[in-house]
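Engineer:
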Amino acid sequence: MYGALDGAPRAKGSAVSESFDYRGIKIELRGKRWRWRARDGQRIVTQSFQSVDGARAALDIFLNERLHSSLLDPGRGGPTVGALCADWLRHKSLSIAPGTAAQYEIHVRVHITPTLGHYHANLIRPNDLDDFYTTLRWKAAKESHNVLRQAFEWGLQNRLVLRAANPCVIARPSRRSSVDHDGTFESDEVVRCVREKEIPTRTDLEKLLADADERDLETWWLYLKVAATIGARPGEVCALRREHLDVDRGTVRIEWSADKVSGRVKRPKSPWSVRTLALPDDFFRAIECALPTEPNAFLFPSNQRRGQTSPLPCWSARSVTRRLDAALLRTGLPRFTPHALRHYVATHLLDQRWPPLQVARVLGHADDTLVRKLYANHIVDDTQRLIGEAAARLV
4 MYGALDGAPR AKGSAVSESF DYRGIKIELR GKRWRWRARD GQRIVTQSFQ SVDGARAALD
64 IFLNERLHSS LLDPGRGGPT VGALCADWLR HKSLSIAPGT AAQYEIHVRV HITPTLGHYH
124 ANLIRPNDLD DFYTTLRWKA AKESHNVLRQ AFEWGLQNRL VLRAANPCVI ARPSRRSSVD
184 HDGTFESDEV VRCVREKEIP TRTDLEKLLA DADERDLETW WLYLKVAATI GARPGEVCAL
244 RREHLDVDRG TVRIEWSADK VSGRVKRPKS PWSVRTLALP DDFFRAIECA LPTEPNAFLF
304 PSNQRRGQTS PLPCWSARSV TRRLDAALLR TGLPRFTPHA LRHYVATHLL DQRWPPLQVA
364 RVLGHADDTL VRKLYANHIV DDTQRLIGEA AARLV
């Protein structure tokens, strides 16, 4: 490309006969030498060479070193951790679901930026990340670590971060160091059993239903009745429509979930979550008076009154949490989450000697692995029964 420039005839004594721009810097021919001038901070660097290829090679080295030094020097506009995460999130949002992007944005805005946002991405140490993780709850620490790991990996691939390795490979959160650690030293990968105090009893549920009936909270009563019968996730219960309940066949079809983060009713992530449950006629007769008449109507529509806005046409898990907390406060019951109604159904089915695999199908799991881990205290299979009989004969 530049061979013609090297051998091009020029007038004797001409100051400048040829010039061109290369990477934003002007390379010009002065006399018999090619020269370029570039600014490096407060100084001007000027170099000249006999050939244009030599000038280009030297300019490449100079510009690369200037870029690297600016990234490594916090005072010269290098990326901070907050800026790196923000740039990565803008790039990542183009290829992920809106709900996932919104969750990442929450962790960047609430946890990462206030604590680590001012750190320089090239100078932050793994010890700084360890200290950051110890200030968070276990779940928040895991999610924040996931965001930081991806952001640093993206920065290394695009040479926005100049480090030997990703610091998040060295520094990792630990359940034992989280602020909500309960003192039980077990592996972070172990799924613990659901504790009995996290599962409401039948008496607790009857008190909640009676409270809703006394206060004429028909929709809330309907939610308690449905959630404590089908054992679905709170978002799945909120997304139920009238057409999903087939009274003639005695079935409930679960195929949608209300997601507050993305603000839409969407399909569940797992294909096993789409399921049809067969229920007795007594259940449908009990809730028939509280059901809407329109087939497309939600069982639990969101507040559509003037001045009240919601991105969802129905309740969400947060809506249920607010109503449940208020009901527990009124009735004086110990606090539990909306997900506890799912535990209530699972444990009662297992206590009635249902096979764990069938319980997993009701809950929408792919297999019974998680059911056996979460509700191990409520599973009595044939092998355990034989062991008990054999132990009894030893006495």
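Heads up, the sequence shown is in my numbering, so the first residue is 4 and it goes up one at a time. For glycine and all other residues, C-beta sits at the position ideal for the given N, C-alpha and C.
Mind reading off the beta-carbon distance from N130 to V164? Whole number of angstroms is fine, and I expect it under 8 Å.
Structural biologist: Not quite, the Cβ-Cβ distance comes to about 18 Å (not below 8 Å), so this is no contact.
Engineer: Would you call the segment 227 to 247 and the segment 382 to 392 in contact, with 3 or more CB pairs under 8 Å?
Structural biologist: no
Engineer: For the segment 144 to 151 against the segment 94 to 113, do three or more pairs of beta-carbon atoms, one drawn from each stretch, fall closer than 8 Å, so that the two count as touching?
Structural biologist: yes
Engineer: In the segment 242 to 319, which residue ranges form an unbroken alpha helix (DSSP H) of at least 4 residues, counting only runs that do not cross its ends?
Structural biologist: Taking only runs of at least 4 residues, the alpha helix (DSSP H) segments lying wholly in the segment 242 to 319 are 284 to 290.
Engineer: For the beta strand (DSSP E) containing Q50, name the first residue and the last one.
Structural biologist: 46 to 52
Engineer: Determine the direct distance from the alpha carbon of Q45 to that of S22, and round the result to whole angstroms.
Structural biologist: In this structure, the CA atom of S22 is about 25 Å from the CA atom of Q45.
Engineer: Using a 10 Å radius around the Cβ and a threshold of 16 neighbouring Cβ atoms, would you call S273 buried or exposed?
Structural biologist: Around the CB of S273, fewer than 16 other CB atoms lie within 10 Å, so the residue is classed as exposed.
Engineer: From the DSSP output, read off the bridge partner residues of L126.
Structural biologist: Under DSSP, no beta-bridge partner is assigned to L126.
Engineer: Note the first and the last residue of the continuous alpha helix (DSSP H) segment covering L208.
Structural biologist: 205 to 217
Engineer: Please say whether S54 and R33 have beta carbons closer to each other than 9 Å?
Structural biologist: no
Engineer: Identify the continuous alpha helix (DSSP H) that holds A105 and give its terminal residues.
Structural biologist: 101 to 110
Engineer: Within 10 angstroms of the Cβ of V150, are there 16 or more other Cβ atoms? Answer buried if so, exposed if not.
Structural biologist: buried
Engineer: Would you mind giving the Cβ-Cβ distance between P359 and R345, rounded to the nearest angstrom? I have them listed as a contact below 8 Å.
Structural biologist: Between R345 and P359 the Cβ distance is about 15 Å, and since that is not below 8 Å, they are no contact.
Engineer: I need the straight-line Cα distance from L212 to T222, nearest angstrom please.
Structural biologist: Distance between the alpha carbons of L212 and T222 is about 11 Å.
Engineer: Please state whether DSSP places M4 in a helix, a strand or coil.
Structural biologist: Residue placement at M4 cannot be trusted, given a pLDDT of 38 that sits under 50; the coordinates are not used to answer.
Engineer: Tell me whether D399 is buried or exposed, calling it buried when 16 or more other Cβ atoms sit within 10 Å of its Cβ.
Structural biologist: Residue coverage of the chain in this structure runs from 4 to 398, which leaves residue 399 outside it and unanswerable.
Engineer: Please name the residue, chosen from L62, A154, A167, that lies closest to V84 on a Cα-to-Cα basis.
Structural biologist: A154
Engineer: Distance check for D285 and V197, CA to CA, integer angstroms please.
Structural biologist: Between V197 and D285, the C-alpha separation is close to 30 Å.
Engineer: To the nearest whole angstrom, what separates the beta carbons of T279 and T254, a pair I think is in contact under 8 Å?
Structural biologist: 5 Å
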